[in-house]
Amino acid sequence: MPPRFLLQPSFKAFTGSSHVQSPLAALSLNPSRTSIRAGSAETRERRRHDPFLMAQSRQRKAANLSRQQALAEERESSLGDPVESAPTSFVQELKTVRSGPQAPSSTDASLNYFVTPEGLREALEYSKNLTSPLENPDRDTADPQLEKEASERHLQEHHNAQEAISRIVKISNGNTQDQMRLHIQKCIETFGRHNTDKTLPPKPAAVSHQSATEHPEKTPRVGQDTGSPEVQVAILTAKILNLSRHLQTTNKDKHNKRNLRLLVHKRQKLLQYLRRKERGGPRWQHLIETLGLSDAAWKGEISM
């Protein structure tokens, strides 16, 4: 009986894909991978089982995070604080809370109830003359001792009245609203254009064209300037400093935290408008230097 050889069939059923018989052809269709992508699943699996690669990965991540934090702090320090101002003389006066046991003085310019030092001095002199004791027209029957005692008693009463009135009108005995009113008045006197027009030069003039519209001259200003952008920015800065000082000791005052955010964003809009209109001129420089504002007060997005 002849030997029987087992041979594979040369044809197979067609299943939708061609069947490759040659091993070389199979190698050419599925070549071996010589490199592994850094973020692939094979790399992650390999790193998970290799402690040395895991340590390198953690070290690189820590270095990247520390570098990002350093860059963020550098950017914030270069811009500054959008709320706090630099300690200029004007800002220090706005931050000062007038309180303490100092002796009252009628010559203090910071008086409450819209009282001026000159008006207070004149009123006290008028009161002293009005309450002074009258002399006896008949000098033959007059008693010099009684007149001397009455004069001394009148001087003592006038001194007591002067002391009481001075304590009443002193701003340190007023509330925060009274102090804020004086701060607002100081901002108007410092940045109002009825005063700054006499000292600051005008802004840089724009290039005029022949076809440009000629605007008529503005009506001269009458009274104090309370509506200019620089005055409004100064008033908002005084309110912001007052609220920030209050929130340093009261962390759960959500209502005033929201008010502080509103004031800061409103001041940012006014600063952007003033910079665009003044073209970085003398008024802009005077406002920024006096209030000690940084670029964070008007540049970019303010998040608090």
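Letter by letter, the sequence shown follows residues 1 to 304 in full-length UniProt numbering. The C-beta atom is built at its ideal place from N, Cα and C for all residues, glycine as well.
For residue i, count neighbouring Cβ atoms within 10 angstroms of its own Cβ and tell me buried if that reaches 16, exposed if not.
i           : result
residue 268 : buried
residue 290 : buried
residue 230 : buried
residue 46  : exposed
residue 287 : buried
residue 252 : exposed
residue 169 : buried
residue 255 : exposed
residue 26  : Confidence is the limiting factor: at residue 26 the pLDDT is only 48, short of 50, which leaves the residue's position unreliable, though a coordinate-based value still follows. Exposed, by the Cβ-count rule.
residue 207 : exposed
residue 242 : buried
residue 145 : exposed
residue 179 : buried
residue 222 : exposed
residue 57  : exposed
residue 24  : Below a pLDDT of 50, predicted positions are generally treated as unreliable, and residue 24, at 49, falls in that range; the measurement from the model is reported next regardless. Its Cβ having fewer than 16 others within 10 Å, residue 24 is exposed.
residue 151 : exposed
residue 166 : buried
Just curious, the alpha helix (DSSP H) that residue i is in, first and last residue?
i           : result
residue 284 : 282-291
residue 113 : Careful: residue 113 lies outside any alpha helix (DSSP H) and carries neither H nor E.
residue 42  : 41-49
residue 164 : 144-169
residue 278 : 254-278
residue 218 : First-last for residue 218: undefined, no H or E at that position.
residue 243 : 229-247
residue 179 : 176-191
residue 93  : 89-95
If you check the beta carbons only, do residue i and residue j fall under 9 Å apart?
i           : j           : result
residue 281 : residue 203 : yes
residue 128 : residue 245 : no
residue 190 : residue 91  : no
residue 111 : residue 120 : yes
residue 240 : residue 271 : no
residue 293 : residue 77  : no
residue 279 : residue 228 : no
residue 50  : residue 296 : no
residue 79  : residue 300 : yes
residue 83  : residue 200 : no
Could you say which of the options lies nearest to residue i if we only look at CA atoms?
i           : options               : result
residue 181 : 235, 42 and 287       : 235
residue 324 : 287, 224, 132 and 220 : This structure does not reach residue 324, given that the chain is present from 1 up to 304, and the question cannot be answered.
residue 368 : 248, 172 and 150      : Because the chain spans 1 through 304 in this model, residue 368 falls outside it and cannot be assessed.
residue 184 : 74, 93, 68 and 164    : 93
residue 304 : 273, 247 and 198      : 247
residue 205 : 277, 57, 160 and 116  : 277
residue 174 : 157, 115, 143 and 134 : 115
residue 130 : 209, 154 and 63       : 154
Return yes when at least one heavy atom of the ligand ATP lies under 8 Å from the C-beta of residue i, else no.
i           : result
residue 265 : Judged by which ligands are present, the structure shown has none, so any question about the ligand ATP falls away.
Check the C-beta distance from residue i over to residue j and give it rounded, since I have them as a contact under 8 Å.
i           : j           : result
residue 275 : residue 298 : 7 Å
residue 188 : residue 250 : Rounded, the Cβ-Cβ distance is 29 Å, inconsistent with contact.
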